[in-house]
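Structure first, commentary second.
Residue numbers (this note's numbering): 74 to 342.
In structure tokens form, the structure reads like this:
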């Protein structure tokens, strides 16, 4: 019965998702060159909200005490979010216009790559120091133009049960410009708050496998947890404070602490 229900959900959702992707790509190619950022932002937000609905994802934004909803942010800001699934991007875009930073491989994904490039994603080629410097220049320009930029400081997806090490290379432009650095926690559960593996996108899993798993799920509750801006004299201080604040808000352990605990349990001192 569960397998039949999953097949029926995919059969219903997949054509809608494909149609939405094609429509989005057409808008990016034909409409975006003619309009400015304000109109683009509204279109992206509505399209992203539709994608979440088609995929069976229900979004709940839960700002921490002292933090504002992302939609109330004004001016330039750097968002730091933990990374679980490709749809993390569209959670944020549905409530706050942002330019995401993504690895260059994403730009080569069929249809999706062209779409995310068209909405202003900033791509970085890993392992090239010069590429990071060039990207930081672009981020700084965006922030000075009072645009928001969103970064996944873990650099890869996790299983959502811990926070990986945060990298601070892309935080420097925010310190140079003097804009807020806002941590944003992401968490997924089933619709009743139960654990779900529908959002797993780790290891050797392909994009197609991840999409199939999500479309076949009964439904997913996605939580966005905006936190108060963090400050620091260096980018290392900023990401360390952001990571700690996010861990406390989401109730997640830090990956390095888990590794140290496991090492001690195995008799490593």
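Each residue gets a CB set at the ideal place from its N, CA and C atoms; glycine is no exception.
Rounded C-alpha distance that separates residue i from residue j
i: residue 244; j: residue 279; result: 29 Å
i: residue 84; j: residue 92; result: 13 Å
i: residue 262; j: residue 272; result: 9 Å
i: residue 338; j: residue 329; result: Bear in mind that the predicted position of residue 338 carries a pLDDT of just 45, short of 50, making it unreliable; the figure below should be weighed with that in mind. Taking the straight line joining both Cα atoms gives about 14 Å.
i: residue 237; j: residue 97; result: 32 Å
i: residue 281; j: residue 275; result: 13 Å
i: residue 227; j: residue 214; result: 23 Å
i: residue 105; j: residue 113; result: 7 Å
i: residue 198; j: residue 176; result: 6 Å
i: residue 259; j: residue 295; result: 7 Å
i: residue 304; j: residue 202; result: 25 Å
i: residue 206; j: residue 289; result: 41 Å
i: residue 325; j: residue 135; result: 16 Å
i: residue 76; j: residue 139; result: 44 Å
i: residue 223; j: residue 81; result: 35 Å
i: residue 239; j: residue 154; result: 10 Å
i: residue 225; j: residue 78; result: 34 Å
Minimum C-alpha distance to residue i - residue among the options
i: residue 283; options: 230, 135 and 249; result: 230
i: residue 164; options: 117, 205, 240 and 291; result: 117
i: residue 269; options: 114, 248, 285 and 291; result: 291
i: residue 169; options: 141, 181 and 182; result: 141
i: residue 241; options: 259, 232 and 209; result: 209
i: residue 157; options: 78, 235 and 246; result: 235
i: residue 266; options: 132, 77 and 89; result: 132
i: residue 167; options: 205, 145, 182 and 179; result: 145
i: residue 247; options: 326, 87 and 212; result: 212
i: residue 302; options: 143, 94, 89 and 120; result: 143
i: residue 257; options: 287, 137, 293 and 181; result: 137
i: residue 316; options: 285, 103 and 327; result: 327
i: residue 297; options: 130, 179 and 99; result: 130
i: residue 99; options: 89, 184 and 86; result: 184
Simplified DSSP state of residue i, which is helix, strand or coil
i: residue 156; result: coil
i: residue 80; result: helix
i: residue 133; result: strand
i: residue 325; result: coil
i: residue 264; result: coil
i: residue 43; result: The structure shown has nothing for residue 43, since the chain only spans 74 to 342.
i: residue 94; result: helix
i: residue 310; result: helix
i: residue 296; result: strand
i: residue 150; result: strand
i: residue 275; result: coil
Checklist entry - For the 8 Å Cβ check, are there 3 or more pairs between the segment 150 to 168 and the segment 251 to 260? => result yes
Next on the checklist: Does the segment 186 to 193 come into contact with the segment 125 to 133, if we say contact requires no fewer than three beta-carbon pairs (one atom in each stretch) closer than 8 Å?
Outcome noted: no
Checklist entry - Are the segment 102 to 109 and the segment 318 to 326 in contact at 8 Å, needing three or more beta carbon pairs? => result no
Next on the checklist: At 4 residues or longer, what runs of the alpha helix (DSSP H) sit wholly inside the segment 204 to 260?
Outcome noted: 245 to 250
Checklist entry - Touching or not, the segment 303 to 311 and the segment 214 to 222, by the rule of three or more beta carbon pairs under 8 Å? => result These segments do not touch.
Checklist entry - Enumerated in chain order, which unbroken segments of the alpha helix (DSSP H) with a length of 4 residues or greater are wholly contained in the segment 99 to 130? => result 110 to 127
Checklist entry - Considering only residues of the segment 164 to 195, which uninterrupted alpha helix (DSSP H) runs meet the minimum length of 4 residues and lie entirely inside it, listed in chain order? => result Within the segment 164 to 195, the complete alpha helix (DSSP H) runs of at least 4 residues fall at 185 to 191.
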